[in-house]
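First residue of the first sequence: 1, per our numbering; consecutive thereafter.
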Amino acid sequence: MRLATWNVNSLKVRLPQVLQWLADNPIEVLCLQELKMDHPVFPLAEIEAAGYQAAWFGQKTYNGVAILVKNGCSLGDVVAGIPGYDDEQRRVIAATVDGVRVVCAYFVNGESVESPKYQYKLQWLAELERYVASELAVHRDFALLGDYNIAPEDRDVYDPEGWREQVLCTTPERDSFRRLIGMGLADSFRLFNDEDKQYSWWDYRAMMFRRNMGVRIDHILISDSLKARASACVIDKAPRKWERPSDHTPVVVTLA
DNA sequence: ATGGCAGGAATGTCCTGA
């Protein structure tokens, strides 16, 4: 079983790339973020024609998340949003796929530490931690995939000093990430790759991708039981090289 | 120090992203 996460920065624009990538990579579960698409206009027909089912939680202009599941896999128990947290922004959707509890999340960016959005980010992170803990209490096989908008360590950013205590890298954000790890989750990418300069997002400006000046902020955290099944986790940079790409590129984990 | 690129909403130019 392979699971992936990809912030597509508008599914309307990126749908052909998503379908191409799935044709090239016929994985079982693809979590998408930043659909930027009203819920009713989700392109279900095109996705079904490609052999996938979908659960989605759309919103006009901003946010929006979806889980695409290959036909033949079971898809059930869909929950949109964080239960018990009244949030106008549609950032989370969960589903159970072949017995694996999958949570797809588009974490808050936060803009800057001085912004009210940063306070929203910290509150949102606390609500997510509570949600993940409650899910782990009932699901042994659990994965949290998404755009975390957190670079966990200095080696996950191209210019650690320049990013010092900037949003994505602040101590409270990294503490939240570490608390998720402390719940018994593993950063699946780091199970297989200890290198620095491994990024999942590059700014569109200033040829940052060509210069490999990016940040690793898209992650797949997996429970102990899935860690035992994991055989690989890779960042697929290919779609970032395509015409009119998303600024994020997919991350894929392979489970036995 | 600033803006630079991209998408959406709208049709001016601003908001948001990271």
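Using N, Cα and C, we set each Cβ at its ideal position, and we do this for glycine too. Fair warning: this is a prediction, and the values are worked out from it, not measured in the lab.
- When C-alpha distances from Lys36 are compared across Gln17, Ile27, Asn9, Pro26, the shortest belongs to Asn9.
- Only exposed fits Leu44, as fewer than 16 other CB atoms lie within 10 angstroms of its CB.
- Tyr106 sits in a strand when the DSSP states are folded into three classes.
- Between Asn109 and Leu168, the alpha-carbon positions lie close to 7 Å from each other.
- In the structure shown, Thr5 falls within a strand segment according to DSSP collapsed to helix, strand and coil.
- In this structure, Leu22 lies near Ala50, with their beta-carbon atoms less than 7 Å apart.
- The count of Cβ pairs closer than 8 Å, one atom from the segment 109-124 and one from the segment 183-203, stays below three, leaving the stretches out of contact.
- The alpha-carbon separation between Asp98 and Ala54 amounts to approximately 14 Å.
- Excluding its 5 nearest sequence neighbours in each direction, Asn71 has C-beta neighbours in its own chain below 6 Å: Gly51, listed in chain order.
- Per DSSP, the unbroken alpha helix (DSSP H) holding Gln17 starts and ends at 11-24.
- Taking C-beta atoms as the reference points, Asp147 and Gln33 count as a pair closer than 7 Å.
- Ser115 counts as exposed, since fewer than 16 other C-beta atoms from the protein chains shown sit within 10 angstroms of its C-beta.
- Note that the C-beta distance between Ile93 and Glu127 is not below 7 Å.
- When the five nearest sequence neighbours on each side are left out, the beta carbons in the same chain lying within less than 8 Å of the beta carbon of Ile27 are those of Arg2, Leu3, Ala4, Lys70, Val252, in order along the chain.
- Residue pairing of Phe209 in beta bridges, as defined by DSSP: absent, with no partner found.
- In this structure Phe142 touches Arg101 by the C-beta definition: roughly 5 Å separates them, less than 8 Å.
- In the structure shown, Trp124 falls within a helical segment according to DSSP collapsed to helix, strand and coil.
- One thing to note: Ile47 has its Cβ no nearer than 7 Å to the Cβ of Leu145.
- For Asp154, the three-state secondary structure derived from DSSP is helix.
- Here DSSP, grouped into helix, strand and coil, assigns Lys197 to coil.
- Rounded to whole angstroms, the separation of the alpha carbons of Pro239 and Gln17 is 8 Å.
- Here the alpha carbons of Gly162 and Gln89 stand approximately 30 Å from one another.
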